[in-house]
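Trainee: No gaps in the numbering here: position 124 of the sequence shown is 806 in my numbering, and each next residue is one more.
Where a beta carbon is used, it is the ideal one built from N, C-alpha and C, also for glycine.
These numbers come from a predicted model, not from an experiment.
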Amino acid sequence: PEALFTHVSGLKVVVPSNPHDAKGLLIAAIEDPDPVIFLEPKRLYNGPFDGHHERPVTPWSKHELGEVADGHYTVPLGKAVIRRPGAAVTVLAYGTMVYVAEAAAEETGIDAEIIDLRTLLPLDLETIVGSVKKTGRCVIVHEATLTSGYGAELSALVQE
């Protein structure tokens, strides 16, 4: 659905990867004067899924990003975060795929810089471009279809 919504003029599109960001992004979306589509990856409800169906998921209660602060806070729309610094390749991911990318980097020993986009529109091109210039390589990880998926849009933007 993200490919559809990211092509609607005036919409902002959010895809959190953890409970902490979900709360902050939801508050930011409510306070934003523009319409915001908030996509929740259902696979993350129980904890960060690393792509291994045969392994149990670690519950959010045992994960650092599962802690949600009391009170009011926001996560800025349009601001990505580097979840794992690295120098060999930039990996752009959002939602469930952030943890799949982290697990793949750990298992292969690749020094990957993993960027959690958090917001697909507006997109944090500054963080993306800075990382890609540093590593010289970019991999896009998403769950959407190959044809007309949001990864194609990301690829085109990185190429520019």
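Looking at chain C, is there any beta carbon in it that lies within less than 8 Å of the beta carbon of residue 754?
Mentor: No chain C is part of this structure, which consists of one protein chain only.
Trainee: Just the C-alpha distance for residue 763 and residue 827, rounded to the nearest angstrom, thanks.
Mentor: Locating residue 763 in the sequence shown gives position 81, counting from the first residue. Locating residue 827 in the sequence shown gives position 145, counting from the first residue. Computed Cα separation, rounded: 24 Å.
Trainee: Look at the Cβ atom of residue 780, then the Cβ atom of residue 798, and state whether they are nearer than 8 Å.
Mentor: Taking the sequence shown and counting its residues from 1, the one referred to as residue 780 is at position 98. Taking the sequence shown and counting its residues from 1, the one referred to as residue 798 is at position 116. In contact: residue 780 and residue 798 (Cβ atoms closer than 8 Å).
Trainee: Reducing DSSP to helix, strand and coil, say where residue 829 ends up.
Mentor: On the sequence shown, residue 829 is found 147 positions in, with the first residue counted as 1. Three-state DSSP puts residue 829 in coil, outside helix and strand.
Trainee: Rounded to the nearest angstrom, how far is the Cβ of residue 750 from that of residue 707, given a contact under 8 Å?
Mentor: Counting from 1 along the sequence shown, the entry for residue 750 is found at position 68. Counting from 1 along the sequence shown, the entry for residue 707 is found at position 25. No, residue 750 and residue 707 are not in contact; Cβ-Cβ is about 12 Å, not under 8 Å.
Trainee: At which residues does the beta strand (DSSP E) containing residue 694 begin and terminate?
Mentor: Here residue 694 refers to the residue found at position 12 of the sequence shown. It spans 694-696 - the beta strand (DSSP E) in which residue 694 sits, taken as one unbroken run.
Trainee: Let me know if residue 777 comes out buried or exposed under the rule of 16 or more other beta-carbons within 10 Å of its beta-carbon.
Mentor: Here residue 777 is taken as the residue at index 95 of the sequence shown, counted from 1. With 16 or more other Cβ atoms within 10 Å, it is buried.
Trainee: Could you spell out the range, first to last residue, of the alpha helix (DSSP H) harbouring residue 802?
Mentor: Your numbering for residue 802 matches position 120 in the sequence shown. That residue, residue 802, is in no alpha helix (DSSP H); its beta strand (DSSP E) goes 801-803.
Trainee: Using beta-carbon positions only, say whether residue 802 and residue 722 come within less than 8 Å of one another.
Mentor: Reading the sequence shown from its first residue, position 120 is the one you call residue 802. Reading the sequence shown from its first residue, position 40 is the one you call residue 722. No.
Trainee: Here's the rule: buried if 16 or more other CB atoms are within 10 angstroms of the residue's CB, otherwise exposed. What is residue 791?
Mentor: On the sequence shown, residue 791 is found 109 positions in, with the first residue counted as 1. Exposed: under 16 other Cβ atoms inside 10 Å.
Trainee: Quick check: the stretch 691-704 against the stretch 714-733, are at least 3 beta-carbon pairs closer than 8 Å?
Mentor: Contact between the stretch 714-733 and the stretch 691-704 is present, because at least three Cβ pairs lie under 8 Å.
Trainee: Quick check on residue 838: does DSSP put it in helix, strand or coil?
Mentor: Here residue 838 corresponds to residue number 156 of the sequence shown, with the count starting at 1. In the structure shown, residue 838 sits in a helix (DSSP, three-state: H, G or I).
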